[in-house]
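Down below is the structure, laid out as structure tokens.
Numbering (our numbering), first residue to last: 15 to 324.
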């Protein structure tokens, strides 16, 4: 079976690797163009491009799929199916119509919940107890196509972050895709339309999403810290420097202090929020390495009693 794969970040790697190891004929790998990164802002290939080149697969990096040349290129590759995992571009009708068996998308949520580009952090932000992976037959909408397969629900634990859930869901998604693809091509699966009335939507994250509003409840800020690990991070400012909150936990009770006030605890320090305390476990001050709160307080004892901006 001739397969074109489309993907960009690390989430897509297990699916690409799985297709390769299952001896599918990978006739092309599409990924986003190289992006400037690092201090030198040098063009840096995506994780998918790096893996594809190591595997000796042909790589294509169009800036858009909406130009006629993209559909022409895909037609020349004669794929039986296109497999998509976190590619980062919507596929127009001209592309969707190229492969006779359609385009299958590996999406890290239990659709129709959390359509869109950031389903994992939004599931954590919302306090969802479970997430999972869905394989859909793509249409022109954003994750709106009919469902071919769903994983079992994956619990979101109190210590889980986007950074811990992403590789877990990536492996589950790869297995689900490899189980689903041959059954779909053999005509054994009846697509299940999504219930649009139950849909929720995520969006692209921005750097400013990481700013902590200490007037919000401790529980919400705790979820923000976990949802935005590793990017954009959850952060505040102290003495004119950015302070990242890397690990924390909500505590019941309140001090008679305004939100953003740092209070001392036997276990270290906590921040008074709009409702409840947020106990700090691990932080990183701008220009410094990440440290536990005990080490941070030894270096900056004046942190206790200070007021962080909301």
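Quick reminder that beta carbons are idealized off the backbone N, C-alpha and C, glycines included. Values in this document were obtained by computation on a predicted structure and should not be read as measured data.
Counting only runs of 3 or more residues that sit fully inside the stretch 225-308, the beta strand (DSSP E) segments are 249-252, 255-265, 276-279, 282-286 and 291-299, in chain order.
Between the alpha carbons of residue 167 and residue 104 lies a distance of about 26 Å.
By the criterion of a C-beta distance shorter than 7 Å, residue 22 is surrounded in its chain by 45, 46, 60, 62, 100, 101 and 102, once the five residues flanking it on both sides are discounted. Around the beta carbon of residue 240, a 10 Å sphere encloses 16 or more other beta carbons of the protein chains shown; the residue is thus reported as buried. Assignment of residue 42 by DSSP, reduced to helix, strand and coil, places it in the strand class. Looking from the CA of residue 159, the closest CA among 222, 295, 145 and 129 belongs to 129. Judged by DSSP secondary structure, residue 149 falls within the beta strand (DSSP E) whose first and last residues are 148-151. Residue 155 is not bridged by DSSP to any residue. Under the DSSP assignment, residue 182 falls in the alpha helix (DSSP H) whose first and last residues are 176-199. Between residue 261 and the set 164, 293 and 189, the nearest pair of CA atoms involves 293. A Cβ-Cβ separation of about 6 Å places residue 88 in contact with residue 18 under the 8 Å criterion. In this structure, residue 248 and residue 290 do not form a Cβ contact; the two beta carbons are roughly 16 Å apart against a cut-off of 8 Å. Around the C-beta of residue 286, 16 or more other C-beta atoms lie within 10 Å, and the residue is accordingly described as buried.
Following the DSSP letters along the chain, one finds residue 138 inside the alpha helix (DSSP H) bounded by residues 133-139.
For residue 221, the secondary structure class from DSSP, reduced to helix, strand or coil, is helix.
DSSP places residue 18 inside the beta strand (DSSP E), whose first and last residues are 16-21. The three-state secondary structure of residue 92, taken from DSSP, is coil.
Just so you know, the alpha carbons of residue 284 and residue 139 end up roughly 21 Å apart. Ranked by how close their Cα comes to the Cα of residue 118, the residues 137, 150 and 234 have 150 in first place. Distance from the CA of residue 225 to the CA of residue 137, rounded to the nearest whole angstrom, comes to 19 Å. Following the DSSP letters along the chain, one finds residue 62 inside the alpha helix (DSSP H) bounded by residues 61-68. Where residue 109 is concerned, there is no enclosing beta strand (DSSP E), although the alpha helix (DSSP H) around it starts and stops at 107-110.
Its Cα nearest to that of residue 173, the residue 263 stands out among 92, 263 and 208. Under the three-state reduction of DSSP output, residue 26 falls in the helix class. Straight through space, the alpha carbons of residue 152 and residue 246 are spaced by roughly 29 Å. For residue 16, the closest alpha carbon among the candidates 251, 38, 255 and 238 is that of 38. By the CB criterion at 8 Å, residue 109 and residue 67 fall outside the cutoff.
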